[in-house]
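**Q**
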Amino acid sequence: MVLFSFFNPRTGQLFLKVIHTSVWAGQKRLGQLAKWKTAEEVAALVRSLPVEEQPKQIVVTRKGMLDPLEVHLPDFPNIVIKGSELQLPFQACLKIEKFGDLILKATEPQMVLYNIYDDWLKSISSYTTFSHIVLILRALHVNNEKAKMLLKPDKTIITETHHIWPSLNDEQWLKVECALRDLILSDYAKKNNVNTSALTQSKMRDIILGAEIAPPSQQRQQIAEIEKQSRETTQLTAVTTRTTNVHGDELIITTTSPYEQQAFASKTDWRVREISATNLYLRVNHIYVNSDDIKVSIVIASLQLQ
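What follows is the structure, encoded as structure tokens:
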């Protein structure tokens, strides 16, 4: 059984195409065949849509799908096809009961349409709803069982028959989103041996969206390489030049002066400072201050990830 999804982030429409195993009977190289079959189905779906609803841009979450799509969509030169650097967790849709039951009960290929936003667009923008969906799917991908428990914290919360997600009010959703965010960040911190309190807001966003983030060990290596490059540029290097004068005599000149060889290097290299900032907590694990010289105050901060 193979499943591919075609998702419109503006409206929340999710087209699910279930391809039954009978289609692959007797076939070999199923990985390559699945890519080209998916591209064929996407092209058929685009052709079936009205002109005003056809997408202006298709973002492929798997780079191996770029070539098959370009081959199958020559009739749509105005559609931009591009890959994504984000590892969006749409495969987590298979862990949702409604989608899982549909796939298990399928006896033939079929195309179904869902609105994965439920009725959220009545009160919030499509950008915010897309962020919510990515957060939920990322949590399901990280820890399926715990994420489902967070989505339904008690038995009084139900899921309506025409909805995909539990029916929660704004206050409940806020608590659930904070819990899902903490679940994702704690999983990342555990795998990379870092402290969640040391993560910046931009790094939290990249973790949830699935952007590639270098672990601290690689960041320290990058700092060392940059510092090594800056040291090498300051050392004198002998340069040998072979020229010919107007009389036809060949001249060989060797110089060690940095004339016309100097490369500009800022004293405040932003690359070193940017990489160092993410590792600040590693260098300030132990800070000692004299309590006699400071006044005690209490600051209460509330952080919320939108």
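So the sequence shown is numbered by UniProt numbering: it starts at 1 and just counts up by one.
Note that the Cβ used here is the ideal one computed from N, Cα and C, for glycine as well.
1) For Phe-6, which of helix, strand or coil comes out of DSSP?
2) Using DSSP's beta-bridge definition, name the partner residues of Val-112.
3) Sort Thr-196, Gly-83, Ala-189, Leu-121 by Cα distance to Met-65 and report the nearest one.
4) Give me the Cα-Cα distance between Ala-25 and Lys-37, rounded to the nearest whole angstrom.
5) Do you know offhand how far Met-149's Cα is from Thr-156's?
6) Thinking C-alpha only, which one of Thr-161, Asp-249, His-141, Phe-99 is nearest Leu-14?
7) Work out the CA separation of Gln-201 and Ala-301 for me, nearest whole Å.
8) Count the other C-beta atoms from every protein chain shown that fall within 10 angstroms of the C-beta of Ser-186, then say buried if there are 16 or more, exposed otherwise.
9) Answer yes or no: do residue 337 and Leu-180 have a C-beta to C-beta separation smaller than 8 Å?
10) Mind reading off the beta-carbon distance from Leu-73 to Val-46? Whole number of angstroms is fine, and I expect it under 8 Å.
11) For the ligand NAP, any of its heavy atoms closer than 7 Å to the Cβ of Glu-145?
12) Quick check on this structure: which residue in Phe-130, Asn-115, Lys-152, Tyr-127 has the alpha carbon closest to the alpha carbon of His-162?
13) Glu-177 lies in the alpha helix (DSSP H); which residues open and close that run?
14) According to DSSP, is Arg-29 helix, strand or coil?
15) How would you write the range of the alpha helix (DSSP H) that Thr-129 sits in, first residue to last?
16) Buried or exposed: Gly-12, going by 16 or more other Cβ atoms within 10 Å of its Cβ?
17) Decide if Ala-39 is buried, meaning its Cβ has at least 16 other Cβ atoms within 10 Å, or exposed.
18) Under 8 Å between the Cβ atoms of Thr-243 and Leu-251?
19) Tell me which same chain residues have a C-beta within less than 7 Å of the C-beta of Ala-211, skipping the five on either side of it?
20) Would you tell me roughly how many angstroms separate the C-alpha atoms of Ile-223 and Tyr-188, rounded to the nearest one?
21) If contact is defined by three or more beta carbon pairs under 8 Å, each pair taking one atom from either stretch, is the segment 88-96 in contact with the segment 139-149?
22) Taking the alpha-carbon positions, what's the Ser-167 to Leu-137 distance?
23) For Lys-82, list the residues DSSP reports as bridge partners.
24) Could you work out which residue in Leu-49, Lys-63, Trp-173, Leu-16 is closest to Asp-101 when comparing CA atoms only?
25) Where does the unbroken alpha helix (DSSP H) through Ile-208 begin, and where does it stop?
26) If you run the structure through DSSP and keep just helix, strand and coil, what is Ile-103?
27) According to DSSP, Leu-251 sits in a beta bridge with which residue or residues?
28) Closest by CA to Gly-31, which one among Val-80, Leu-183, Phe-7, Pro-68?
29) Check each candidate in Asp-119, Ala-139, Ile-253 and name the one with the smallest Cα separation from Gln-91.
30) Below 7 Å CB to CB, which residues in the same chain sit around Gln-110 once its five sequence neighbours on both sides are set aside?
31) Mapping DSSP to helix, strand and coil, what is His-162?
32) According to DSSP, is Glu-212 helix, strand or coil?
**A** Let's see:
1) Reading the sequence shown from its first residue, position 6 is the one you call residue 6. Of the three classes helix, strand and coil, the one that applies to Phe-6 here is strand, per DSSP.
2) In the sequence shown, residue 112 corresponds to position 112, counting from 1. DSSP, once it has assigned bridges, lists Leu-16 as partnering Val-112.
3) Translated into the one-based positions of the sequence shown, residue 65 becomes position 65. Nearest of Thr-196, Gly-83, Ala-189, Leu-121 to Met-65, Cα basis: Gly-83.
4) Position 25 of the sequence shown holds residue 25. Position 37 of the sequence shown holds residue 37. Roughly 14 Å separates the two Cα atoms.
5) Counting from one through the sequence shown, the residue named residue 149 turns up at place 149. Counting from one through the sequence shown, the residue named residue 156 turns up at place 156. Met-149 and Thr-156 have their C-alpha atoms spaced approximately 13 Å apart.
6) Locating residue 14 in the sequence shown gives position 14, where the first residue counts as 1. That would be Phe-99, whose Cα lies nearest to the Cα of Leu-14.
7) Numbered from its first residue, the sequence shown carries residue 301 at position 301. Numbered from its first residue, the sequence shown carries residue 201 at position 201. With a pLDDT of 37 at Ala-301, under the threshold of 50, the predicted position of this residue should be treated as unreliable, though the coordinate-derived value follows. The alpha-carbon atoms of Ala-301 and Gln-201 are separated by roughly 14 Å.
8) Taking the sequence shown and counting its residues from 1, the one referred to as residue 186 is at position 186. The residue is exposed, with fewer than 16 neighbouring Cβ atoms inside 10 Å.
9) Given that the chain is displayed from residue 1 to residue 306, the structure contains no residue 337 and the question cannot be resolved.
10) Position 73 of the sequence shown, counted from the first residue, corresponds to residue 73. Position 46 of the sequence shown, counted from the first residue, corresponds to residue 46. Contact holds; Cβ gap of about 7 Å.
11) The model on display carries no ligand, and the ligand NAP is accordingly not part of it.
12) On the sequence shown, position 162 is the one that residue 162 refers to. Per the Cα distances, Asn-115.
13) As a first step, residue 177 must be located in the sequence shown, where it is residue number 177. Segment 170-192, the alpha helix (DSSP H) holding Glu-177.
14) The residue given as residue 29 occupies position 29 in the sequence shown. Coil at Arg-29, not helix or strand.
15) Taking the sequence shown and counting its residues from 1, one reaches residue 129 at position 129. Note, Thr-129: alpha helix (DSSP H), 126-142.
16) By one-based count along the sequence shown, residue 12 stands at place 12. Label assigned to Gly-12: buried.
17) By 1-based counting over the sequence shown, the position of residue 39 is 39. Answer is buried; the Cβ neighbour count reaches 16.
18) For the purposes of this step, residue 243 is taken as the residue at position 243 of the sequence shown. For the purposes of this step, residue 251 is taken as the residue at position 251 of the sequence shown. It is a contact, given that the beta carbons lie within the stated cut-off.
19) Taking the first residue of the sequence shown as position 1, residue 211 is located at position 211. Closer than 7 Å at Cβ, skipping near neighbours: Glu-85, Leu-86.
20) Within the sequence shown, the letter at position 223 stands for residue 223. Within the sequence shown, the letter at position 188 stands for residue 188. Between Ile-223 and Tyr-188, the C-alpha separation is close to 22 Å.
21) yes
22) To locate residue 167, count along the sequence shown from 1; it is residue 167. To locate residue 137, count along the sequence shown from 1; it is residue 137. Straight-line Cα distance between these residues: approximately 17 Å.
23) Working through the sequence shown from its first residue, we reach residue 82 at position 82. For Lys-82, which the question treats as bridged, DSSP gives the partners Val-59.
24) The residue labelled residue 101 in the question sits at position 101 within the sequence shown. The option with the nearest alpha carbon to Asp-101 is Leu-16.
25) Along the sequence shown, one-based indexing puts residue 208 at 208. Note, Ile-208: alpha helix (DSSP H), 201-209.
26) Here residue 103 is taken as the residue at index 103 of the sequence shown, counted from 1. Note: Ile-103 maps to helix in three-state DSSP.
27) Position 251 of the sequence shown holds residue 251. According to DSSP, which records beta bridges pairwise, Leu-251 is partnered with Thr-243.
28) Stepping through the sequence shown from its first residue, residue 31 is reached at position 31. Nearest C-alpha to Gly-31: Pro-68.
29) Position 91 of the sequence shown, counted from the first residue, corresponds to residue 91. Considering only alpha carbons, the answer is Ala-139.
30) Against the sequence shown, residue 110 aligns to sequence position 110. Around Gln-110: Val-18.
31) One-based indexing of the sequence shown puts residue 162 at position 162. His-162 falls in the coil class under three-state DSSP.
32) On the sequence shown, position 212 is the one that residue 212 refers to. It is coil, neither helix nor strand.
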